[in-house]
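With the working numbering applied, the sequence shown corresponds to residues 1383 to 1901, in that order.
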Amino acid sequence: MTEDTAFVIEALGIVKSFSGVQALRGIDFRVRRGEIHALLGQNGAGKSTLVKILNGVHSAGSYDGTIRVNGAAIAFRTPGEARERGVAYVPQEIEVFEQLTVAENVFAGQTSLGSGFTVSQRKMEARAAALFRDFGLPINPKSLMASLSAAQRHLVMIVRALATRPAVLMLDEPTASLSGAEVTRLFALLKRLKAQGTTMIFITHRLPEVMALCDAATVLRDGRVAAELARGEFDADRIIAAMSGQKMQRMYPAHRTPDGTRVLLELADLSVEERPGAHLGVADVSFQLRAGEILGIAGLLGSGRTELLSAIYGLLPYRGRIAVGGKPVAIHSTADARRAGIAMLTEDRKRTGLLFNLPVGGNITIGNLALFARHGLISGEREESAAVKAMRELKVKARSSSAAVAHLSGGNQQKLLFARVLMNAPKILLLDEPTKGVDVATRSEIYRLIVDLAETGVGLVVVSSELEEVIGLCDRSLIMADGRIVGEMSRSEASEEAVLKRIAAAQAEKARGVVESAA
1383 MTEDTAFVIE
1393 ALGIVKSFSG
1403 VQALRGIDFR
1413 VRRGEIHALL
1423 GQNGAGKSTL
1433 VKILNGVHSA
1443 GSYDGTIRVN
1453 GAAIAFRTPG
1463 EARERGVAYV
1473 PQEIEVFEQL
1483 TVAENVFAGQ
1493 TSLGSGFTVS
1503 QRKMEARAAA
1513 LFRDFGLPIN
1523 PKSLMASLSA
1533 AQRHLVMIVR
1543 ALATRPAVLM
1553 LDEPTASLSG
1563 AEVTRLFALL
1573 KRLKAQGTTM
1583 IFITHRLPEV
1593 MALCDAATVL
1603 RDGRVAAELA
1613 RGEFDADRII
1623 AAMSGQKMQR
1633 MYPAHRTPDG
1643 TRVLLELADL
1653 SVEERPGAHL
1663 GVADVSFQLR
1673 AGEILGIAGL
1683 LGSGRTELLS
1693 AIYGLLPYRG
1703 RIAVGGKPVA
1713 IHSTADARRA
1723 GIAMLTEDRK
1733 RTGLLFNLPV
1743 GGNITIGNLA
1753 LFARHGLISG
1763 EREESAAVKA
1773 MRELKVKARS
1783 SSAAVAHLSG
1793 GNQQKLLFAR
1803 VLMNAPKILL
1813 LDEPTKGVDV
1823 ATRSEIYRLI
1833 VDLAETGVGL
1843 VVVSSELEEV
1853 IGLCDRSLIM
1863 ADGRIVGEMS
1873 RSEASEEAVL
1883 KRIAAAQAEK
1893 ARGVVESAA
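Take a look at the structure:
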């Protein structure tokens, strides 16, 4: 790319280290005014570190090099200073105020919604409602953040960043927890912002999003710039080769459809209730999972997929019947689920998965300590040996088992959760967004792991917001809409178009029923 006065934000010669490990090695990164610029690379390539420098999360003085905004050298000491200069950032791992409302989260720290030292709740809620309406997001500004799903929380944080009408908006994996319909809505919003002159830096691991949305791309590898591409140069193989240093193999591993009939898990008329008579996303769900089967659950945001898995794993109370290996089981807690041979990988590794006060090894062994105990005492040597073995088997890249979890890439953090849930050798594995926020290479490793587990006889249930992932990986897919199973497709029958048509038909049928009952 040639030198140009139209660069709105630049990072020149950036070098950054953590505990002696060099994360960025002389990065030059430039974004032209009014473009959507993709920042790509595998986990650990340096993408998030770079945007945190551009946003003041890593303050001036903690790195070498120069940041320029509109040609002027800038030394951001805090994210607040960056916001004042029109640079906004939505991180992959968002932080929210659980016990405040959506509107209070959107305008936290702003004092322009009242008079004097007071803030008008009415004005704040009205302005938040207008923002959500403008952006086409059906979120109630009066709702508590604690009541929102991970996807809804992320959308709220995007609206928070946009509330100040920034000149530069940086989005780190914004679609990681969104359904197809939500991604479409977000893309429409980003295109509208671009037309209004907003410049965007878009971090993603999903190459189809780059092809559909972005004007230029920079690929990082091992803390260096591996490629700079204009839109006319976009090519999936070229981008993957720049990210990995080699050509990637087939994304979804070939595997045989299980021919056995042994049922591992059976649900009969399972419903999830928030209070008696009030369904929380799941109503009368029935299905069977066989040994060695990878069963997908496809559906849009709010269809009840996560609530279903949470009920099976004892995180939500349910009504109905659950049987494991043909025997009815009563699952009232996660301990009940584990005793029945069920394990679950959470969709939100930061909030409900990782323990950041424990090191890498402790995050693997926590919940499995009984395996290393004798006469009530835990053998530290056995625990350490098991953690190191799990790290080696899942190719976790960390300095040692005592390394801090916060310094690991998203892909390596995800591998820690896999190592933890697999340590007890479950018969049934529930995976909620198993590749959320991980790079192309780590996705390939996770897919291979899932297939390998299935071929040892483990039954897996996979929930993913990416229909392509469900269709490409799973032997059979159940389709959920409004808390119910509305269809089932084999791998040979399934396609994104067929799934979306079935969901739309179910929603139309429900709407007709509402109209008829009202009449």
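Note that CB positions come from ideal geometry on N, CA and C, so glycine has one too.
Exposed is the label assigned to H1757, since fewer than 16 other Cβ atoms lie within 10 Å of its Cβ. The C-alpha of R1720 lies about 26 Å from the C-alpha of G1792. The C-beta of T1448 has fewer than 16 other C-beta atoms within 10 Å across all chains shown, which makes the residue exposed. Note on the stretch 1823-1882: whole alpha helix (DSSP H) runs with a minimum of 4 residues are 1849-1855, in chain order. With the rule of 3 Cβ pairs closer than 8 Å, the stretch 1818-1838 counts as touching the stretch 1667-1680. Between E1850 and Q1481, the alpha-carbon positions lie close to 36 Å from each other.
In the DSSP annotation of this structure, R1504 is not part of any beta strand (DSSP E); the continuous alpha helix (DSSP H) holding it starts and ends at 1503-1516.
In the structure shown, F1389 adopts extended strand secondary structure according to DSSP, grouped into three states. Contact check for H1440 and T1431: beta-carbon distance about 7 Å, within the 8 Å limit, so the pair qualifies. The three-state reading of DSSP puts E1765 in helix, counting H, G and I together. Less than 8 Å separates the beta-carbon of G1438 from that of F1458. Annotation for D1814: the continuous beta strand (DSSP E) segment containing it runs 1810-1814. Annotated as distal: V1541 and L1568, with beta-carbon spacing of 8 Å or more. Counting the other CB atoms within 10 Å of its CB gives H1714 a total below 16, which places it among the exposed residues. Of V1803, R1467, D1604, R1825, the smallest CA-CA separation from S1399 is found for D1604. In the DSSP assignment, T1747 falls within the unbroken alpha helix (DSSP H) covering 1742-1747. According to the DSSP secondary-structure assignment, Y1700 is paired through a beta bridge with V1654.
Nearest C-alpha to V1840 among I1861, A1863, S1872, L1804: L1804. The C-beta of N1794 has 16 or more other C-beta atoms within 10 Å across all chains shown, which makes the residue buried. By the neighbour-count criterion, in which 16 or more other beta carbons inside 10 Å mark a residue as buried, S1444 falls on the exposed side.
Rounded to whole angstroms, the gap between the alpha carbons of L1553 and Q1670 is 39 Å.
Here I1679 is bridged, per DSSP, to V1845, L1860.
In this model, V1397 and G1428 are separated by some 10 Å (Cα to Cα).
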